[in-house]
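One line per chain: the protein sequences are A and B, in this order.
Residues 644 to 1077 in the numbering used here are what the first sequence lists, from first letter to last.
Residues 968 to 1005 in the numbering used here are what the second sequence lists, from first letter to last.
Reviewing the structure listed below.
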Amino acid sequence: MQGFHILDLFQGITSLIEASPLVMFGRIGLILLGGLLVYMGKKGILEPLLMIPMGLGMIAVNAGVLFLDPVTATHIVSGSAPHPDPAVAAELAAQAAAGQTPGTLFMAPLVEKADSLIYLMQIDFLQPVYTFAFSNGLIACFIFMGIGVLLDVGFVLARPFLSMFLALSCEFGTIVTFPIAVALGFDFREAASIAMVGSADGPMVLFTSLTLAKDLFVPITVVAYLYLGLCYGGYPYLIRLLVPAKLRGLKMPAKATIKVTSDEKLAFAVVGCTVLCLLFPSAAPLFLSLFVGVAVREAGLKYFMAVIDGPLLYGATMFLGLLLGVLCEASTILDPKVLILLVLGIIALLLSGVGGLIGGYMAYFFSGRKINPVIGIAGVSCVPSTAKVAQKEVSSVTPDAIILPEALGANICGVITSAIITGIYVTVIPLITK
Amino acid sequence: MKAAIQIAITIYGIAAVISLLVAVLIKALFVTLRRFSR
């Protein structure tokens, strides 16, 4: 028992005490934030499917910090992307050799060396899921496939021009945030990744940041998913602020319902996938995933549908939440850039909402004051939250006014335009920054 | 900053053209399929 200290037994507490005050308070803050996310998920304020696993992951990774044994620490340090500062890299290596490296047994997100990876996979809890499904964007494709199965593209086929126009208006935040981020000191790759938060489409943000700014993908993706929940809570206030009650309650003239057959929807999936993959091969995995989902639904492949909209979609969502939580280590989140990211994320979403409502007003005037401007906000591609928000706000003024079909058309087009913008960013930005 | 604004405008322009193209494609496809199914 000689030399044994009680705190060696409880290393989570020891590593907390021995860390710098910033890291200590950061870890405590993130543990509390994790608990808050679980609470808000349970209460339905934020998306429970994501927030409950994410909150628990955040708690576990910030509580479960220990001093890694020298072998593990050396593998983690040498298996990670080398630190840009050689002095810090040398210090890390020395700490690893002396067994003083604090870390967790959950994940090493910047692992690059394949030989170290094999060792890491044996110890890091979520490493295999991260390496094979997250770090390459596969999880985004799985979720996109699930979204495809849930979408009824008939709403788009019935009003393609209106839906596309509104969706494009809602990309205002995605575009305007890019130069703002550059002005705040981010490079083009990072700025494009942050700007994608304005699309309100989690898989797109994940895909873009993994492709363009791998070092910042953790905070950007976490910010994006945290804010997606705010679309449901925040946009109603934006609508009430920018659209007077008289216009909010505008009843749109009843049009004969255009019945779109499943054959037509399937043909759209095939042609849409072909054209978009031809135009943007860099985003082809996303387009394929989305349209495979649509095609499976329209072809009536019930067994595939059961797999995609059940185990695949919900399994991917659960692991996404858990991995995002585990990635929220204090050392990652305490990067000073994160505060700016939080501000830029909210600016992007706000501008997208404003852009959508401007598009809604334009549709209102061009249609001879027949189209309710509130449907503009449904072009923000947070399916189907923004369409529901639009209908709810209209119904609160005029209970029998129905705008949901038009709103869903714009909403689905929002997914397509977000994928288009992603395709342009991941194609154009690397060409410019070569 | 100026370069970033130019890039942003260009990207939005490309996105607008592609979105319009997709909308035209959807409409054309829809009309063609309806005509053939008659």
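Virtual Cβ for every residue (Gly too), placed ideally from N, Cα, C.
Keep in mind it's a predicted model, so treat the numbers as computed, not measured.
query                                                                                                                                                                               : result
Going along the chain, which residues of its own chain have a beta-carbon closer than 6 angstroms to the beta-carbon of Asp-844 (chain A), five neighbours each way excluded?       : Ser-1024, Ser-1061
Please determine, among A:Leu-966, A:Val-950, A:Pro-1027, A:Ala-910, the residue with the shortest C-alpha to C-alpha distance to Ser-1004 (chain B).                               : A:Ala-910
Against chain B, which members of the region 904-924 of chain A pass a CB distance test of less than 9 angstroms?                                                                   : Thr-904, Asp-906, Glu-907, Ala-910, Phe-911, Val-914, Gly-915, Val-918, Leu-919, Leu-922, Phe-923
Using a Cβ-Cβ distance under 7 angstroms, would Phe-997 (chain B) count as near chain A?                                                                                            : yes
Is Met-807 (chain A) near Ala-990 (chain B), with beta carbons less than 7 angstroms apart?                                                                                         : yes
For Thr-1041 (chain A), which residues of its own chain have a beta-carbon under 7 angstroms away from its beta-carbon, when the five flanking residues on both sides are left out? : Gly-892, Lys-894
Compute the Euclidean distance between the alpha carbons of Leu-988 (chain B) and Ala-703 (chain A), then round it to the nearest angstrom.                                         : 48 angstroms
What would DSSP say about Gly-746 (chain A), mapped onto helix, strand or coil?                                                                                                     : strand
Beta-carbon separation of Leu-689 (chain A) and Met-683 (chain A) under 7 angstroms?                                                                                                : yes
Note down the Cα distance separating Val-866 (chain A) from Tyr-1007 (chain A), rounded to an integer number of angstroms.                                                          : 33 angstroms
Should Phe-821 (chain A) go down as buried or exposed, given a rule of 16 or more other Cβ atoms within 10 Å for buried?                                                            : buried
Which residues share a DSSP beta bridge with Phe-710 (chain A)?                                                                                                                     : A:Pro-745
Going along chain B in order, which residues have a C-beta closer than 7 angstroms to the C-beta of Leu-811 (chain A)?                                                              : Ala-982, Ala-983, Ser-986
What first and last residue would you give for the alpha helix (DSSP H) that runs through Gly-996 (chain A)?                                                                        : 980-1009
Quick check: the region 1008-1019 of chain A against the region 898-918 of chain A, are at least 3 beta-carbon pairs closer than 8 angstroms?                                       : no
On the three-state DSSP scale, how would you describe Pro-887 (chain A)?                                                                                                            : coil
Kindly say whether Ala-826 (chain A), judged by its beta-carbon, lies nearer than 7 angstroms to any beta-carbon of chain B.                                                        : yes
Any beta carbon of chain B sitting closer than 7 angstroms to that of Thr-1060 (chain A)?                                                                                           : yes
Need the endpoints of the alpha helix (DSSP H) that Leu-919 (chain A) sits in, please.                                                                                              : 905-922
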